[in-house]
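A.B. asks: Residue numbers (the UniProt record's numbering), protein chains in the order written: chain A, 1 to 168; chain B, 1 to 106; chain C, 1 to 628.
Glycine is no exception: its CB is placed at the ideal position from the N, C-alpha and C atoms.
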Amino acid sequence: MIEVLFYILSTITLGTALLTIFSRNPIHSAIYLVICFFSIAGHYLLLNAQFLAIVHVIVYSGAIMILMLFTIMLMNLNKEHEKHKPKLIIIAATIAFCLVALVLLAALLKTKPVVESYYNSGTDFQSIKVLGQVLLNEYMVPFEFASVLLLVAMIGAVLISKKEKQKA
Amino acid sequence: MEHILKEIGVETYLYLSALLFSIGVFGILLRRNAIIMFMSIEIMLNAVNLLLVAFSTFHQDASGQVFVFFSMAVAAAEVAVGLAILVSIFRNLGSIDIDNLKNLKG
Amino acid sequence: METSFVLLLLLAPFVGFLSNIFFGKQLGKTGSGVLGTLAVVVSFFVSCYFFSQVSGSKQPINVHLFDWISLGKFSINFDILLDQLSLLWLLFVTGIGSLIHIYSISYMHDDENIHKFFAYLNLFIFFMITLVVGSNLLIMFIGWEGVGLCSYLLIGFWHKNQEYNDAAKKAFIMNRIGDLGFLIGIFIIGYLFNTLDFNVIKQAVLTGSNPEVAGWLSIATLCLFIGASGKSAQIPLYTWLPDAMAGPTPVSALIHAATMVTAGIFMITRLNFLFDLTPDVQNIIAVVGAITSLVAASIGLVQNDIKKVLAYSTVSQLGLMFLALGLGAYEVAVFHVITHAFFKACLFLGSGSVIHALHGEQDMRRMGGLKGAMKVTFLTFLLATLAISGIPPFAGFFSKDEILMVAFHENKVLWVIAAVASIMTAFYMFRLLYLTFFKEFRGTEEQKHHLHESPMLITFPLMVLGVLSVVGGAISLPGNSWLNHYLEPIFAHAPHEAHHLGTTEYMLMAFAVVGALIGIGIAYSKYIKKSEVPAEDSEITGFAKVLYNKYYVDEAYMAVIVKPIYSLSKFLRDYIETGLSQIIFGFGAVADGLALQGKKLQNGNIGFYLFAFVFGLCSVVFYLFFLR
């Protein structure tokens, strides 16, 4: 039962990812990507990582994708803008894709003997409560720095996208 | 309900992530639209995040999930700044086709 | 209080330099001269003030200006040490300096760059004061280098004449050779004692002698002596001083007779406690000094340029001072420095007055009979000549006599050399006097028509210096020496020997006077009785020609040192450097070619970069997982 669920989710993930990169309209791409992110959130739930699943949906589907959609609309990119790609690029990209996939899969296959079978000790390690404690004890400093990073990114984004004043 | 890792094992996640990552690479190489390239980058990031969560569960260690949390923060920051840059490029060049960005040439 | 006075002492000439170099043109010719003179006079008065303080309290004044270098345990402070020795030097540097400044106002009046001249003179005084009052070797070295620089600037003051430029360069380079020795000496002393401060070194030397130090110490003192011999024109580095007469006459008087060239003697006197520990080096100094005095005096016998004669006389007198230093009679050397400063400055200024009257003529064969026209100049010149020849009771007699006495007690051979040198001195000085002032005038009619006594500004310093040449000996009369008593705190050991005047001493005095009179007599019979005039350059033959050409030392240096260096440099330039540069160019060409190819990769296409990136990533993963 859970196995079937996993395969369905995986199919959706890979399929929408492919659709994302292939669809000619950027808006469609974004929609497909949202679906892809949701399916990944489903994977998180399967792995029993509820907190991350929620955060994932909020951050990616909620924040990042909305930002992207706004940008696309701001630039008026909903129509097909892209020029016709030369054949060479398509062939090269395909070869590169195959190469990366091959190399990664081969590497993973080669390391397979190292992976042991799963053993569940039954301890609670990923409930929101435990994660919160880990985050605010062990990872206190990086956590605070993440907030600084976000602040800096915010300032940077505002500064960069601000319209330059016309020189007098 | 049995645990998912007992049913299918952690290696399946490895293959899934590898494929997802490769699709991201493919997107980056294939498309010339900077926004789509951004999305491909997000796909790659998510492939890695997925694997991190899988192994975190496998080793029953919260650190992996904390790491994913930070990676999400970084991704959010990256997207914010990146999109700002794209907006300003679009304002200056009127397009976000990366073939038009050849100023790096020495 | 003392700090501000010290700053006034130091900075007055420096301010004079700055204002003359920047605003000299606006000040006008007399203005810049007066300003420059005032700057030095201020220093002179401050020196007088300090002198009265110290000679009253007998306590040296130590002024800490600021911490300069601090390296772990090794530290150098910018301190000023005003003790008996440095004050003595200060007095005559600023005193004679003031007189020569006054003199220059008139002497240089027709020069378009007079403000520059005064600027350099002020700068010189500033550096000379720095040299004298520094409380450690490094400050002394600053002054040492500074006066060398000023000497270079002033020798080449009339820089439109290439010969003068060459003379300036020669002086600078010769001095640099000596300075290198001085610097090495400073390094060794710093290494041995961990300090460069005179008082600390003195304490270290006096409290406990370090046996293993002695070898290094000899090298250090030898290096210091090399430095001194460069600055004070001793064999083998003396040849720059006669050529340095290319500079304006006041410069010759101030720098190349009275003050700068005595810096070497000052330095050795300052470090007498070190030289006392190394008798070998002292012997070298004594021998070098004696030989220098003889060689220079013999060259001086036949020179015809009035300033050249005086220059060789200066070298010779400096040789006598070094003889005294080498024999450990520092106070005698100091005494001779002072009297020499008086009469040699007077002689140079007198010769300047003569040259001024003759519109630049320096050849004694074209002079003669000037005593009628230039009474003051003649009189002061006569006094100074009597002083340098060692006729009692003039200043030079006492100081030279003391040197001879010390030499007689220590080493008879050196005494003979020194005695011969001083007889020669008497001869050539009177030769100079007779040729210049007696008999009839031998120059052109036009020059004769324009003969005139120099103006008051020139004759006033001459008169002051003339009087000092007469009475200067009073500071250290035999048997009752104020100077020896005054300088006592400076020396590690009690002054050489108390002068108990016995028969030997009176005999020696009598001998010295008779010797001087013989020299004068020869000159009289040759140039007054027989009315000889030195032959023209081409007619000089025999040994006189060797002397006239200064023993061909310059030519020998040319052949032995300069020429080989030239050919070595030529060889290095033509073969080694060409070869090396070919190799370097080869590397450059290869890099250039590679870069041209590599540049094509940098085509600015982001897509292409991404492909390269992905392939690189694949290669790394491939290597990590499959090839290792």
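Quick one: list the residues of chain C neighbouring V25 (chain B), beta-carbon separation under 7 Å, in chain order.
C.D. replies: Simply V614.
A.B. asks: Just checking, does the region 263-282 of chain C make contact with the region 482-493 of chain C on the three C-beta pairs under 8 Å criterion?
C.D. replies: Yes, the region 263-282 of chain C is in contact with the region 482-493 of chain C.
A.B. asks: So is F97 (chain A) buried or exposed if we call it buried at 16+ other beta carbons inside 10 Å?
C.D. replies: With 16 or more Cβ atoms within 10 Å of its Cβ, F97 (chain A) is classed as buried.
A.B. asks: When burial is assigned at 16 or more other CB atoms within 10 Å of the CB, is Q234 (chain C) buried or exposed?
C.D. replies: The residue is buried, with at least 16 neighbouring Cβ atoms inside 10 Å.
A.B. asks: Alpha carbons only, please: which of C:L254, C:D111, C:D276 is nearest the one belonging to L310 (chain C)?
C.D. replies: L310 (chain C) has its Cα closest to that of C:L254, out of C:L254, C:D111, C:D276.
A.B. asks: Return the CA-CA distance between G352 (chain C) and L451 (chain C), expressed in angstroms with no decimal places.
C.D. replies: C-alpha separation (whole angstroms): 14 Å.
A.B. asks: Specify, as a first and last residue, the run of the alpha helix (DSSP H) that residue 629 (chain C) falls within.
C.D. replies: Outside the displayed range of chain C (1 to 628) lies residue 629 (chain C), so it cannot be described from this structure.
A.B. asks: Using a C-beta to C-beta distance shorter than 7 Å, which residues of chain B count as neighbours of M611 (chain C)?
C.D. replies: In the sequence on display, residue 611 (chain C) carries Phe and not Met. Under the 7 Å cutoff, chain B gives L29.
A.B. asks: Below 8 Å between beta carbons: does that hold for Q60 (chain B) and T123 (chain A)?
C.D. replies: Cβ distance < 8 Å, so Q60 (chain B) and T123 (chain A) count as in contact.
A.B. asks: Could you tell me how far apart the beta carbons of S232 (chain C) and G264 (chain C) are, in whole angstroms, since I believe they sit closer than 8 Å?
C.D. replies: That pair is a contact at about 3 Å.
A.B. asks: Closer than 8 Å, CB to CB, is G607 (chain C) near chain E or not?
C.D. replies: Note that chain E does not occur in the displayed structure, where the protein chains are A, B and C.
A.B. asks: Runs of 3 residues minimum, wholly inside the region 261-295 of chain C: which ones carry the beta strand (DSSP E) assignment?
C.D. replies: Listed in chain order, there is nothing to give.
A.B. asks: Please look up how many angstroms separate the CB atoms of L462 (chain C) and L349 (chain C), rounded, as I've assumed it's under 8 Å.
C.D. replies: 5 Å between Cβ atoms; contact.
A.B. asks: Between which two residues does the alpha helix (DSSP H) containing F611 (chain C) stretch?
C.D. replies: Taken as a continuous stretch (DSSP letters only), the alpha helix (DSSP H) holding F611 (chain C) covers 606-622.
A.B. asks: Could you tell me the distance, in whole angstroms, from the CA atom of W68 (chain C) to the CA atom of M374 (chain C)?
C.D. replies: When rounded, the distance between both Cα atoms is 53 Å.
A.B. asks: Using CA atoms only, rank isn't needed, just tell me which of C:E539, C:T130, C:S569 is closest to L9 (chain C).
C.D. replies: The shortest Cα separation from L9 (chain C) among C:E539, C:T130, C:S569 belongs to C:T130.
A.B. asks: May I ask you to verify whether the region 326-333 of chain C touches the region 269-289 of chain C, counting CB pairs closer than 8 Å and requiring at least 3?
C.D. replies: Verdict: yes, contact present.
A.B. asks: Using 8 Å as the threshold, is the region 175-189 of chain C in touch with the region 222-230 of chain C, meaning 3 or more CB pairs across them?
C.D. replies: Result yes; three or more Cβ-Cβ pairs closer than 8 Å.
A.B. asks: Verify the CB distance criterion: does S71 (chain B) have a CB-CB separation below 8 Å to chain A?
C.D. replies: Cβ-Cβ to chain A under 8 Å: no for S71 (chain B).
A.B. asks: Taking 8 Å as the threshold, find out whether the region 292-299 of chain C comes into contact with the region 389-399 of chain C through three or more Cβ pairs.
C.D. replies: Not touching, per the Cβ criterion.
A.B. asks: Helix, strand or coil, according to DSSP, for G134 (chain C) in the structure here?
C.D. replies: It is a strand residue.
A.B. asks: Please tell me whether F118 (chain C) and G146 (chain C) are closer than 8 Å, where the distance is taken between their beta carbons.
C.D. replies: Contact: no.
A.B. asks: For I306 (chain C), which residues from the same chain have a beta carbon less than 6 Å from its beta carbon, with the 5 sequence-adjacent residues on both sides left out?
C.D. replies: Within the same chain, I306 (chain C) has close Cβ partners S351, Q362, M364.
A.B. asks: May I ask you to list the residues that DSSP assigns as paired with H64 (chain C)?
C.D. replies: In DSSP, H64 (chain C) forms a bridge with C:D79.
A.B. asks: Counting only C-beta atoms, is G604 (chain C) closer than 8 Å to chain B at any point?
C.D. replies: Yes - at least one Cβ of chain B is within 8 Å of the one on G604 (chain C).
A.B. asks: Please check the pair V337 (chain C) and T262 (chain C), which I expect to be a contact at CB under 8 Å, by giving their CB distance rounded to whole angstroms.
C.D. replies: Yes, they are in contact, since the Cβ atoms of V337 (chain C) and T262 (chain C) sit about 5 Å apart, within 8 Å.
A.B. asks: Please state if the CB of L19 (chain B) and the CB of A92 (chain A) are separated by a distance shorter than 8 Å.
C.D. replies: It is not a contact, given that the beta carbons lie outside the stated cut-off.
A.B. asks: Can you list the beta strand (DSSP E) stretches of 3 or more residues lying completely in the region 383-433 of chain C, in chain order?
C.D. replies: If we require 3 residues or more, the region 383-433 of chain C turns out to have no beta strand (DSSP E) run fully inside it.
A.B. asks: Look at the alpha carbon of Q162 (chain C) and the alpha carbon of L596 (chain C), and state the distance between them as a whole number of angstroms.
C.D. replies: Cα-Cα distance, rounded: 51 Å.
A.B. asks: What would DSSP say about F74 (chain C), mapped onto helix, strand or coil?
C.D. replies: Three-state result, F74 (chain C): strand.
A.B. asks: For S19 (chain C), is the classification buried or exposed, using 16 other Cβ atoms within 10 angstroms of its Cβ as the cut-off for buried?
C.D. replies: With 16 or more Cβ atoms within 10 Å of its Cβ, S19 (chain C) is classed as buried.
A.B. asks: Tell me, please, which residues DSSP counts as bridged to L477 (chain C).
C.D. replies: Partner(s): C:N480.
A.B. asks: Which of the three DSSP states, helix, strand or coil, is assigned to I235 (chain C)?
C.D. replies: Looking at I235 (chain C) - three-state DSSP - the assignment turns out to be coil, as it is neither helix nor strand.
A.B. asks: Determine, using beta carbons only, whether M39 (chain B) and S29 (chain A) come nearer to each other than 8 Å.
C.D. replies: The answer is yes: Cβ separation under 8 Å.
A.B. asks: Name the chain C residues that come within less than 9 Å of N103 (chain B), Cβ to Cβ?
C.D. replies: Neighbours of N103 (chain B) on chain C, chain order: G604.
A.B. asks: Given that residue 111 (chain B) touches chain C, what residues does it touch there, using C-beta distances under 9 Å?
C.D. replies: An answer regarding residue 111 (chain B) cannot be provided, because it is not within the stretch 1 to 106 covered by chain B.
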